[in-house]
Amino acid sequence: MKLSTVPSLFVAVVAAAAAMLVALAATPSADREPPVVTPGTTGSPPSDAVVLFDGKDLSAWKSEDGSEPRWKVADGFMQVGFKGLMTRQEFGAIQLHLEWASPAEVKGDGQGRGNSGVYFQGRYEIQVLDSYQNKTYFNGQAASFYGHNAPLVNASRKPGEWQSYDIVFHPPTPGADGKVRPGSFTVFHNGVLVQDHIPVQGDASVAAKFSGATPTGPLLLQDHGNPVRYRNIWLRKLD
Ligand code: MG
Numbered sequence: 207m208k209l210s211t212v213p214s215l216f217v218a219v220v221a222a223a224a225a226m227l228v229a230l231a232a233t234p235s236a237d238r239e240p241p242v243v244t245p246g247t248t249g250s251p252p253s254d255a256v257v258l259f260d261g262k263d264l265s266a267w268k269s270e271d272g273s274e275p276r277w278k279v280a281d282g283f284m285q286v287g288f289k290g291l292m293t294r295q296e297f298g299a300i301q302l303h304l305e306w307a308s309p310a311e312v313k314g315d316g317q318g319r320g321n322s323g324v325y326f327q328g329r330y331e332i333q334v335l336d337s338y339q340n341k342t343y344f345n346g347q348a349a350s351f352y353g354h355n356a357p358l359v360n361a362s363r364k365p366g367e368w369q370s371y372d373i374v375f376h377p378p379t380p381g382a383d384g385k386v387r388p389g390s391f392t393v394f395h396n397g398v399l400v401q402d403h404i405p406v407q408g409d410a411s412v413a414a415k416f417s418g419a420t421p422t423g424p425l426l427l428q429d430h431g432n433p434v435r436y437r438n439i440w441l442r443k444l445d
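Shown next, in the form of structure tokens:
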């Protein structure tokens, strides 16, 4: 090795080490050992989940008017009945899993067929609708961020078949300057990506129970007058 190459080799090594440090610093969780979570078998919650409905009872829920919930529970599912259901607990950023089925017997069309919905913080609705060969406005069909954003594709199963939503939600947050910083929705419908990190502004969806950006709020399942069924509802808190 020539003497003149030593300084440049030294510089190269230092530069590489510095680049590595910068990369590590830029990775938010680089300094934290990821916790161990036992995943569920297909269709069951992981070990750190808050289970909202396991097919047996409505103890995690109340009616949206504050009274005791009156939805029918049978054979591992609950069915939309009197008024929407709201969680007793409030949540901020979450990963949500739920399964739903529109009625096997097809009645109505457009927004009148198998309509329900999942309102995050009682404000922002991911639409539940029988969108199998059922036309409606694009940002009102199944897996739309209702009134805001259509799904990337229509991944609907047939009426009466169980369908899944896996949703990552970050709420919009009010900043110190009084302006609201957007949150986001990422949604998988039957395992298919349909909302890809879509911004959630502070304005609530139509028929929302609450308005205004806040750190937490309840999850609400909509009563739209159709006997939609739900099962296997759990979430993981992300904040
Ligand atoms: Mg709806």
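207 is the number of the first residue of the sequence shown in the numbering used here; add one for each residue after it.
Cβ atoms here follow ideal geometry from the backbone N, Cα and C, with glycine treated the same way.
Note that the coordinates shown come from a computational prediction; the quantities given were computed from them, not determined experimentally.
Using the three-state DSSP reduction, which class does residue i fall into: helix, strand or coil?
i	result
L344	Here residue 344 is Phe; the residue named in the question, Leu, does not match the sequence. DSSP places F344 in helix when its eight states are reduced to three.
M207	The predicted model places M207 with a pLDDT of 43, which falls under 50 and marks its position as unreliable, so this point remains unresolved.
Q339	coil
Q301	strand
G246	coil
G431	coil
G389	strand
G261	coil
G423	strand
G328	coil
G323	strand
Q407	coil
Q295	coil
What does a CB cutoff of less than 8 Å around residue i pick up in its chain, not counting 5 residues either side in sequence?
i	result
V400	A349, P357, L358, V359, A361, V393 and F394
V434	Q285, V286, W306, A307, S308, P309, G320, N321, S322 and V334
K443	V256, F297, G298, A299 and I300
D254	P241, V243 and R442
Inspect the beta-carbon positions of residue i and residue j and report whether they are closer than 8 Å.
i	j	result
L425	V324	yes
D383	K289	no
Q301	L441	yes
P252	G261	no
E274	L291	no
S168	N396	Here the chain has residues from 207 to 445 only, and residue 168 is not among them.
Q407	P378	yes
K341	G316	yes
S411	Y330	yes
L264	Y436	no
In whole angstroms, what is the alpha-carbon distance linking residue i and residue j?
i	j	result
G431	P240	44 Å
M366	G381	The amino acid at residue 366 is misidentified as Met; the sequence shows Gly. Each residue's alpha carbon lies about 44 Å from the other.
K415	F326	10 Å
E311	V242	44 Å
H376	D409	14 Å
V279	W368	16 Å
G282	K364	20 Å
G423	G272	14 Å
N438	R238	31 Å
G389	A236	24 Å
P421	G328	12 Å
A419	F259	26 Å
Y352	W277	24 Å
D336	R387	33 Å
G314	A413	20 Å
With a threshold of 7 Å on Cβ separation, who are the neighbours of residue i within its own chain once the five nearest residues in sequence on each side are excluded?
i	result
V374	Q301 and T392
W267	P275, L291, M292, T293 and R294
D445	G298 and A299
N355	N345, Q401 and I404
V398	V359 and A361
Residues in the same chain with beta-carbon distance under 6 Å from residue i, minus the five sequence neighbours each way, listed in chain order, please.
i	result
V257	P251 and W440
W385	The amino acid occupying residue 385 in the given sequence is Lys; Trp does not appear at that position. Result list for K385: empty, nothing under 6 Å.
T248	none
S417	A410
Mind listing, in chain order, the continuous beta strand (DSSP E) runs of no fewer than 3 residues lying wholly within the stretch 350-388? 369-376
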